[in-house]
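Undergrad:
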Amino acid sequence: MTTGPRMLFAGVITAAVIALDACASPSETPSSPSPTPTVSSTPSPTAEPVRPTLDELRLTADGLGDLVVGEPVPETPPDLAIVAFDPRGCISEESTLVEGEPGAGFWRPSYPEDRPFQVVTEGRVQGTPIINIQVGSESVLTDTGIGIGSGVDEVLAAYPGITVMPGALLTLVYVVEAPEGTLAFEIANPAGSPEGYWEPEQLNTVAYMVAYAPGQSVSAVYATDTAGACTV
């Protein structure tokens, strides 16, 4: 049987189709989405508590740091406490006190500076309420920025309504009263002081600051027997 032209042509077409199918690229399979990276949820390390530095403390009508007037000194770990009780702190050759008696010990500030502030408790013993906190260091400021050496005009501007007590000599006592306590500023008084007692730059500036517990009487403390944590 002879093969006609039509059959030859059809065979060529079929071969061409088969060849094209063989050369065609395979269909691409859709790629799956990349997994979302996992973010670490490790918490940041918590800062360990530390004792505040002296210039971080702020004196207010209700106290200093964690010391609150009218309340006992809190039980704080020694490495964090700003004061520690010294049971023999006020015993000296001149005193007749013995350890354990009221007044024999005092609250020693936990700072290198010599007595930057002094804490007086009732009976001057442990476990009793704080009567007052006395500040004589330039490092300690109030929450309004007033400190030892601030001018009287700065005090008046920082505490509108502040009053001055009559009858002072070495210092004029300016008083800020609040429900939680009383804040007093003792200003070097040029009129009531012996000549030469104050350096010229000290006149009319803050010489001492005291926070009093509610109900405590306020008076001039600077250079008196009531100044400091020891009475003898």
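Here the sequence shown is numbered in this note's numbering, starting from -10 and rising by one per residue. From the three backbone atoms N, C-alpha and C, an ideal C-beta is built for every residue, glycine too.
#1: When the distance is taken between beta carbons, is Val195 closer than 9 Å to Ile137?
#2: Along the alpha helix (DSSP H) that carries Ser147, what are the first and last residues, could you check?
#3: Quick check on Leu69: buried or exposed, where buried means 16 or more other Cβ atoms within 10 Å of its Cβ?
#4: Less than 8 Å between C-beta atoms, sequence neighbours within five positions excluded: which residues of the same chain meet that for Pro41?
#5: Mapping DSSP to helix, strand and coil, what is Arg113?
#6: Looking at the structure shown, is Gln191 part of a helix, part of a strand, or coil, going by DSSP?
#7: Pull up the distance between the alpha-carbon of Pro105 and that of Leu86, whole angstroms please.
#8: Name the residue from Thr117, Glu45, Ser126 and Asn121 whose alpha carbon lies nearest to the alpha carbon of Asp223.
#9: Among the residues of its own chain, which have a CB less than 8 Å from the CB of Thr131, if the five just before and after it don't count?
#10: Taking the beta strand (DSSP E) that Pro155 falls in, what are its first and last residues?
#11: Could you please give the first and the last residue of the uninterrupted beta strand (DSSP E) stretch that includes Ile231?
#12: Apart from the five residues just before and just after Glu60, which ones in its own chain have a Cβ nearer than 7 Å to its Cβ?
TA: The relevant details are as follows:
#1: yes
#2: Looking at the sequence itself, residue 147 is Ala, so the reference to Ser does not match. Val141 to Ala147 is the span of the alpha helix (DSSP H), which, as asked, contains Ala147.
#3: exposed
#4: Gly54 and Ile71
#5: helix
#6: helix
#7: 24 Å
#8: This structure does not reach residue 223, given that the chain is present from -10 up to 221, and the question cannot be answered.
#9: Arg47, Leu48, Thr49, Ala147, Leu172 and Met198
#10: First-last for Pro155: undefined, no H or E at that position.
#11: The chain is shown only over -10 to 221; residue 231 falls outside these bounds and no answer can be derived.
#12: Pro118 and Ile119
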